[in-house]
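Numbering (UniProt numbering), first residue to last: 1 to 670. Cβ coordinates follow ideal geometry from the N, Cα and C atoms, glycine included. Right, one structure below, let's go through it.
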Amino acid sequence: MKRAVSGLKTFSIALRVVVLALVTTAASAESAPESARESQREAFRDAEDALQLAARNRLGAALSRASGLTDYPLYPYLERLRINRHLTIQNRDIVETFLARYDGQPVTYGLRSRWLKYLAKYGHKQAFLASYEAGMGAEITCHYLRYQLEDTPTPETLLHRVDSLWLSGKSQPKACDPLFSTWQKQGLMTPQKVLMRIEKAAKGGSIRLIPYLQRKLPDDWQYLAERWHNVRRNPAVVNRASLFPLNHPDHEADILSWGIERLAWRDPDAAIKAYYRWQRESLFSQPQLLMMHRAIALSLAIDDSPQASEWLRRADVDGADEDVKRWHLAYLLRQQRWKDVLTVIGRASTERRNDDAFIYWQARAFDKLGMPQQAGILYDRLAKERHYYGFMASARLSRPPTLDHAPVPVDDTAVERLRHHPAAQRAYEFFKMQRYLEARREWRFLMRQVSDEQIKYLAVLASEWGWHDQAIVSFARSGYWNDVERRFPLAYQPEFADAAQQFAVPQALAMAIARRESSFMQDAVSPAGATGLMQLMPNTARYVANTNVSRETLFQPNQNLLYGVQYLRYLMDKMKNNPVLVMASYNAGWQRVLEWLPQDAAIPTDIWIETIPYHETRDYVKAVLAYRYIYESQLGESSRIFESLTDAMIPAAEQLERQGSVSAVNLTPQ
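See the structure below:
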């Protein structure tokens, strides 16, 4: 009975495909009106269903019934579906023809890899070599090298290519094992290469790989693998001198310097002790010293330790990472040592002194030291820019910030040509069907096909379609920054307005956060699982809504922004309506933000922002503040957000608590 029902469903879908295809055959891919295109979309969906349900021996017939869609932009995806359903050596000509015809296009993504793995599995060597392309991952590369070794009279050259496959911090596919075995028998697996792989496994790979690799070392080297393993699990072992006999001092220096660096972030005092203990042995290279100095100095600076000043001076030298100079400056700002601020900036490279942050803080230092003329010159220079520091400089000069909106000059002919580009047509069709992942693949492919000059017209086209996230991305790729209205679209404005009014949250704040979080990509998902327009974690949405909220619900823009605005209300109550603390809390969590508050006395807001420990949150707060001003301007609202920041203070933790319990929240509409 089930088979009969399935057959009836397949026949019904096939019949609909034929009828819809006949209706839309005359509509070309470039000139079809929207009503005809919608019919084609429906026919395409039905054709996909038919191909999914058809028996393998009926796939050709199922595709032939969609012949009226051959001019439809997405027809190649139907061909691909048929191939995927029956990927066999008997269809080699069909597969190879398809891969050649659409070479490099998104419709082939994953298909070549699957085809090659199938051919390798069943030993179809010649077909594999005919379809192979470089850069398709370790498994396929290993199969390729094994096949090549079978036919070459000089295997040495090929075997040296195995090094890059071997030197991975994670386990490689089983397909590589025979290749590694041959490589090892040829004497190419040296102890140094084994240690290099152990180091990669310890620093960022799989720690479970280390015992396996340890057995491949000579007996008197094996303790080095144990030390890498020990330090990965507990860097404090660097203070146990008995574990490091210095039988292989160069290799032990690698382990110790990395361990001290890791330990510095947990326990800087213990790291300093280990540093002095091993520095007496003259073990460390200059790069290793720089690495350890940086970790100790930054850890102390973040903790506002009295020792930070000494270690920052030691770390802030030529060749140091750029963040050392930034944290040296931040530490002095927190102490409000304005003369030292000028000294550190003066010692920076010309490039760093021209950085917006350094210009702003040089101006602030001049201002605080009673040199308003020098400060004014620098503020005036910054005030011409459209970013956080430019807006802050404008506020300190009592000027409205500069938006400098200039719509991109549009070449209508160029935009129309791009509209009819096959990849643009495919992207548009997927976008209209709300298949955003496939749409973005086609869009990214399209951006690689056109000139840099044309990318700004693609941005205009995406904006016209209401595809906000890709308009924003495309403008960024084009380097055209001044089309403020298109780069900061009033996306979902009615929904934001309703939610903002319901929960008494500034609409511009909510829109600024959505712009920063997702660029209004409604199907966005972060590596941590934050979802949708406002990048909410499902647990957060469930908490503020006091009801079960599925991930699917969070993909719905109106629901996502409603919960996001409700969460902003929650944070505003937590943080006593301090906008900077609310923004930081949205990114890093309110409990962590409370830990970052000054302990004893309030500090100026701009200094607190500059000394936020997490660079992601630091940049986030600066961006959202600037975006909020832009959205207030877009919405026609009077904005004094930056003027208020010039003399605002971030309260100490105790002061915030005295304003009211930080646990008091309000989740009800207002």
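C-alpha of Tyr480 to C-alpha of Gln501: approximately 34 Å in a straight line. Rounded to whole angstroms, the Cβ separation of Leu51 and Arg101 is 19 Å, and the two are not in contact under 8 Å.
Going by C-alpha positions, Tyr570 is about 35 Å away from Ala439. Note that the C-beta distance between Ala66 and Ala47 is below 8 Å.
In this structure, the straight-line span from the alpha carbon of Leu332 to that of Lys574 is close to 30 Å. By a beta-carbon distance limit of 8 Å, Phe488 does not contact Tyr629. Their separation comes to about 10 Å.
Per DSSP, Ile89 is not a residue of any alpha helix (DSSP H), being assigned neither H nor E. Taking the C-beta atoms as reference points, Ala365 is found no nearer than 8 Å to Tyr379. In this structure the segment 527–542 does not lie against the segment 464–472, because fewer than three pairs of beta carbons, one per stretch, are closer than 8 Å. Partner residues in the beta bridge of Leu536, as assigned by DSSP, are Thr531. Under the three-state reduction of DSSP output, Met649 falls in the strand class.
Shortest Cα-Cα distance from Ala414 to any of Asp254, Val460, Ala508 and Asp93 involves Val460. Between Phe431 and Trp465 a beta carbon distance of about 7 Å is seen, short of the 8 Å cut, so the two are scored as contacting. Rounded to whole angstroms, the separation of the alpha carbons of Trp361 and His251 is 43 Å.
Membership of Thr617 in the alpha helix (DSSP H) is indicated by the continuous run His615 to Gln634.
In the displayed model, Ile603 falls within a strand according to three-state DSSP. Per the coordinates, the alpha-carbon of Arg208 lies some 46 Å from the alpha-carbon of Tyr388.
Here DSSP, grouped into helix, strand and coil, assigns Val505 to coil. Across the set Met433, Ala499 and Val410, the C-alpha of Val410 shows the shortest separation from the C-alpha of Tyr457.
Residue ranges of uninterrupted alpha helix (DSSP H) with 4 or more members, entirely inside the segment 233–295 and ordered along the chain, are 249–266 and 268–279.
Checking the DSSP bridge columns, you'll see Val525 partnered with Thr531. Taking 4 residues as the shortest admissible run, the segment 134–161 contains the following complete alpha helix (DSSP H) segments, listed from N- to C-terminal end: 138–151 and 155–159. Here the alpha carbons of Ser113 and Ser171 stand approximately 20 Å from one another. In the displayed model, Thr108 falls within a helix according to three-state DSSP. With fewer than three CB-CB distances shorter than 8 Å, the segment 277–291 does not count as touching the segment 221–229. When only Cα atoms are considered, Asn560 and Leu554 end up about 5 Å apart.
Put simply, of His405, Ser305, Ala330 and Met292 the residue whose alpha carbon is nearest the alpha carbon of Arg314 is Met292. If you ignore the 5 residues before and after Val565, its C-beta comes within less than 7 Å of the C-beta of Ala499, Ala500, Phe503, Val505 and Ala510, all in its own chain and listed in chain order. Around the C-beta of Met572, 16 or more other C-beta atoms lie within 10 Å, and the residue is accordingly described as buried.
In the structure shown, the three-state DSSP call for Arg326 is helix. Straight-line measurement puts the Cα of Leu568 at about 53 Å from the Cα of Lys121. Only residues of its own chain outside the window of five on either side were considered, and among them none has a CB closer than 7 Å to the CB of Asp647.
Put simply, the backbone Cα of Asp103 is about 35 Å away from that of Arg197. At least 8 Å separates the beta-carbon of Leu111 from that of Arg85. Within 10 angstroms of the beta-carbon of Gln507 lie 16 or more other beta-carbons, which makes it buried. Taking a contact to require three or more Cβ pairs closer than 8 Å, the segment 630–649 and the segment 518–526 do not qualify as touching.
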